[in-house]
Amino acid sequence: METIRVESLSKSYPKSERPALSEVSFTARPGTVLGLLGPNGSGKTTTVRILATLLRPDGGQAWIDGHDVVAQPQQVRAAIGLTGQYAAVDDELTGLRNLELISRLLGASRPAARARATELIERFELEEAAGRMVKTYSGGMRRRLDVAASLVGRPRVLFLDEPTTGLDPRSRNEVWSLVRELVADGVTVLLTTQYLEEADQLANDLVMLDQGRVVASGTPTELKSKAGGLALQVRVVSTGDCARAAGHVAAVTGSQPAVDEDTGLIEVPVGDTGALRRLVGELEDAGIPFVELGLRQATLDEVFFALTGRSPKAAAAAETDADAAPIAAGAAERTSR
């Protein structure tokens, strides 16, 4: 049985020109990472808030660990943990006290709360900072504590909503390591991110959203194959040779390459490895020296471009952030219940 099952979810907001979600469907297998990808406004946060029982869908159904998110919200909440885009821990409490407080709110006794908090502090390597106020923590430490807080109740499903936004590369790598450890322990992770490299590193399966719709789903390798699979790269010694080299690349591949005249890098999608051999001869005959020449697999950015005709950055810049609406809408729904 799938740990997460979503069927034809739809959601609209009164002031939005288009639906936040339109017939979105996907599943997540137990003990895996499902990456939910897309630019700002694509519907990622709306999806997470519905699955976390913070919003009601207009249509469709969803189940977490076999429980309907609308009909059985209490059972769903008992099965999940949620780490949002921004740390939700209390700055004026110590790291240990934050975790103890959450455990107590979940019904644990004082000794059990202290034991669980201490266990998580050790697991997330926060022992030295456990007695310090959270406002003194670095960004990476705060994020680790925030993930720890979402695990106090031992959830079977963990939602990570853009967990590395604003983190430096080292802190981002720390969060990635934590995610891998959680999955190894059998936790199912739904990861939303606009960092496609992050999804490539962590996800077993991917769902790509754009303007509230699923535009592609599958494993990272399956999605990359949709963008041509391979890209040929050549970097010339002198940037003054870029134009000539690009002409030879176009002649060999039959496609117009992308050229970075600042770095001398020329790239173009290819369907097979034969172009690499042919280009070596072309460049040597033309007397154009190069320092790099090779093939690489297509990136998820290129997959997104192939499927939508836009890069993720351009898609985000072109849209208003439709995911801002769920915050106010969710508060209104909870108030009206």
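Numbers given in our numbering equal positions in the sequence shown, counted from 1, plus 2. We treat Cβ as the ideally placed atom computed from N, Cα and C, and that holds for glycine. Quantities reported herein were computed from a predicted structural model and do not represent experimental measurements.
- request: Can you tell me the Cβ-Cβ gap for Ala-218 and Leu-225, rounded? I've got them flagged as a contact below 8 angstroms.
  value: In the sequence shown, residue 218 corresponds to position 216, counting from 1. In the sequence shown, residue 225 corresponds to position 223, counting from 1. Ala-218 to Leu-225, Cβ: 6 angstroms. Contact.
- request: Measure the alpha-carbon distance for Gly-242 versus Glu-4 and round it to whole angstroms.
  value: Along the sequence shown, read from residue 1 onward, the residue named residue 242 stands at position 240. Along the sequence shown, read from residue 1 onward, the residue named residue 4 stands at position 2. Going from the Cα of Gly-242 to the Cα of Glu-4 covers about 55 angstroms.
query: What three-state label does DSSP hand Asp-274 in the structure shown?
result: Here the question's residue 274 lines up with position 272 in the sequence shown. In this structure, Asp-274 counts as coil in the three-state DSSP scheme.
- request: To the nearest angstrom, report how far apart Asp-70 and Thr-55 are at their CA atoms.
  value: Within the sequence shown, the letter at position 68 stands for residue 70. Within the sequence shown, the letter at position 53 stands for residue 55. Distance between the alpha carbons of Asp-70 and Thr-55: 10 angstroms.
- request: Please state if the CB of Leu-208 and the CB of Leu-23 are separated by a distance shorter than 9 angstroms.
  value: Within the sequence shown, the letter at position 21 stands for residue 23. Within the sequence shown, the letter at position 206 stands for residue 208. Leu-23 places its beta carbon 9 angstroms or farther from that of Leu-208.
query: Does the distance from the CB of Arg-7 to the CB of Thr-34 come in under 9 angstroms?
result: The residue labelled residue 7 in the question sits at position 5 within the sequence shown. The residue labelled residue 34 in the question sits at position 32 within the sequence shown. No, the Cβ-Cβ distance between Arg-7 and Thr-34 is not below 9 angstroms.
field: Alpha carbon of Ala-119 to alpha carbon of Glu-102, nearest angstrom
entry: Position 117 of the sequence shown, counted from the first residue, corresponds to residue 119. Position 100 of the sequence shown, counted from the first residue, corresponds to residue 102. Their backbone Cα atoms lie some 5 angstroms apart in a straight line.
query: Given a threshold of 16 other Cβ atoms within 10 Å of its Cβ, counted over all protein chains shown, does Gln-258 qualify as buried or as exposed?
result: One-based indexing of the sequence shown puts residue 258 at position 256. Classification for Gln-258: exposed.
message: So within the segment 181 to 227, which uninterrupted beta strand (DSSP E) runs reach at least 3 residues, ignoring any that extend past its ends?
response: Every unbroken stretch of the beta strand (DSSP E) spanning 3 or more residues and falling wholly within the segment 181 to 227 is given here in chain order: 190 to 195, 207 to 212 and 215 to 220.
- prompt: Roughly how far, in whole angstroms, is the beta-carbon of Asp-148 from the beta-carbon of Ala-89, given that I think they are within contact range, below 8 angstroms?
  reply: Indexing the sequence shown from 1 puts residue 148 at position 146. Indexing the sequence shown from 1 puts residue 89 at position 87. For a cut-off of 8 angstroms, the C-beta gap from Asp-148 to Ala-89 is around 4 angstroms, short enough to register as a contact.
query: Applying the criterion that 16 or more other CB atoms from any shown protein chain within 10 Å of the CB defines a buried residue, is Lys-46 buried or exposed?
result: Taking the sequence shown and counting its residues from 1, one reaches residue 46 at position 44. Lys-46 is classed as buried because its beta carbon has at least 16 other beta carbons within 10 Å across all chains shown.
task: Enumerate in chain order the residues of its own chain whose CB-to-CB distance from Ser-27 is below 6 angstroms, with the five nearest sequence positions on each side excluded.
output: The residue labelled residue 27 in the question sits at position 25 within the sequence shown. Only Val-8, Glu-9 and Ser-10 meet the Cβ criterion.
message: Just to check my reading of the structure: Ser-12 and Gly-61 have Cβ atoms closer than 8 angstroms, yes? What is that Cβ distance to the nearest angstrom?
response: The residue labelled residue 12 in the question sits at position 10 within the sequence shown. The residue labelled residue 61 in the question sits at position 59 within the sequence shown. Between Ser-12 and Gly-61 the beta-carbon gap is near 4 angstroms, inside 8 angstroms, which marks them as a contact.
task: Note down the Cα distance separating Thr-48 from Leu-57, rounded to an integer number of angstroms.
output: Residue 48 sits at position 46 when you count from the first residue of the sequence shown. Residue 57 sits at position 55 when you count from the first residue of the sequence shown. The straight-line gap separating the alpha-carbon atoms of Thr-48 and Leu-57 is approximately 8 angstroms.
- prompt: So what's Thr-337 in DSSP terms, helix, strand or just coil?
  reply: Here residue 337 is taken as the residue at index 335 of the sequence shown, counted from 1. Low per-residue confidence applies at Thr-337: pLDDT is 42, beneath 50, and the placement is therefore not dependable, though the value from the model is reported in the following sentence. Of the three classes helix, strand and coil, the one that applies to Thr-337 here is helix, per DSSP.
query: How is the alpha helix (DSSP H) around Asp-148 delimited, first residue to last?
result: In the sequence shown, the residue the question calls residue 148 occupies position 146. Here the alpha helix (DSSP H) through Asp-148 covers 141 to 152.
field: Alpha-carbon spacing of Thr-223 relative to Val-91, whole angstroms
entry: Working through the sequence shown from its first residue, we reach residue 223 at position 221. Working through the sequence shown from its first residue, we reach residue 91 at position 89. Using only the alpha carbons, I get a separation of about 37 angstroms.
query: For Lys-17, does the count of other Cβ atoms within 10 angstroms reach 16, so buried, or fall short, so exposed?
result: For this step, residue 17 is matched to residue 15 along the sequence shown. Around the beta carbon of Lys-17, fewer than 16 other beta carbons sit within 10 angstroms, so the residue counts as exposed.
- prompt: Would you call Arg-174 buried or exposed, if buried means 16 or more other Cβ atoms sit within 10 Å of its Cβ?
  reply: Along the sequence shown, one-based indexing puts residue 174 at 172. It is buried - the Cβ of Arg-174 has at least 16 other Cβ atoms within 10 Å.
message: Using 9 angstroms as the threshold, is the C-beta distance between Asp-212 and Pro-41 below it?
response: Counting from one through the sequence shown, the residue named residue 212 turns up at place 210. Counting from one through the sequence shown, the residue named residue 41 turns up at place 39. Yes, the Cβ-Cβ distance between Asp-212 and Pro-41 is below 9 angstroms.
task: Let me know the secondary structure DSSP gives Lys-137 once reduced to three states.
output: Here residue 137 corresponds to residue number 135 of the sequence shown, with the count starting at 1. Helix at Lys-137.
message: I need the straight-line Cα distance from Val-72 to Asp-187, nearest angstrom please.
response: Taking the sequence shown and counting its residues from 1, the one referred to as residue 72 is at position 70. Taking the sequence shown and counting its residues from 1, the one referred to as residue 187 is at position 185. Going by C-alpha positions, Val-72 is about 28 angstroms away from Asp-187.
message: Taking 9 angstroms as the threshold (C-beta atoms), are Leu-98 and Val-50 in contact?
response: Translated into positions along the sequence shown, residue 50 becomes position 48. Translated into positions along the sequence shown, residue 98 becomes position 96. Remark: C-beta atoms of Val-50 and Leu-98 do not approach each other more closely than 9 angstroms.
- request: Tell me, to the nearest whole angstrom, how far the beta carbon of Ala-247 is from that of Val-254; I am working on the premise that it is less than 8 angstroms.
  value: On the sequence shown, residue 247 is found 245 positions in, with the first residue counted as 1. On the sequence shown, residue 254 is found 252 positions in, with the first residue counted as 1. Not quite, the Cβ-Cβ distance comes to about 11 angstroms (not below 8 angstroms), so this is no contact.
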